[in-house]
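Chemist: Numbering (my numbering), first residue to last: 1392 to 1479. Quick one: the structure is below, and I'll ask about it shortly.
This is the structure:
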């Protein structure tokens, strides 16, 4: 399953002319493209889907969503080790 997951921007830079961010998804850190949200800043939250930040989100909503995903085991499913999942 591919979820749109909220994450917090912890760093912003540029790669090959594209604005990119390092985003923390409740402990899992990934690189994300900011082309759809070029004004997103460090410390802000965004909904991310397949590596693209799609929508800005307030902190309370982001944290609550991450908490619910964690309770449902969806973060492990989304970000877990694919080799571990295949062995089940």
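Glycine included, every Cβ here is placed at the ideal spot set by N, Cα and C.
Where does the unbroken alpha helix (DSSP H) through residue 1453 begin, and where does it stop?
Modeler: To locate residue 1453, count along the chain shown from 1; it is residue 62. Its alpha helix (DSSP H) spans residues 1450–1462.
Chemist: Enumerate, from N- to C-terminal direction, the unbroken beta strand (DSSP E) stretches of 3 or more residues contained entirely within the region 1416–1448.
Modeler: 1419–1424, 1436–1440, 1443–1448
Chemist: Taking residue 1414 and residue 1401 to be in contact with their CB atoms under 8 Å, please state how far apart those CB atoms are, rounded to whole angstroms.
Modeler: The sequence position of residue 1414 within the chain shown is 23, counting from 1. The sequence position of residue 1401 within the chain shown is 10, counting from 1. Contact holds; Cβ gap of about 7 Å.
Chemist: First and last residue of the beta strand (DSSP E) that includes residue 1408?
Modeler: Position 17 of the chain shown holds residue 1408. It is not in any beta strand (DSSP E) - residue 1408 carries neither H nor E in the DSSP assignment.
Chemist: Would you say residue 1441 and residue 1398 are within 7 Å of each other, going by their C-beta atoms?
Modeler: Reading the chain shown from its first residue, position 50 is the one you call residue 1441. Reading the chain shown from its first residue, position 7 is the one you call residue 1398. It is not a contact, given that the beta carbons lie outside the stated cut-off.
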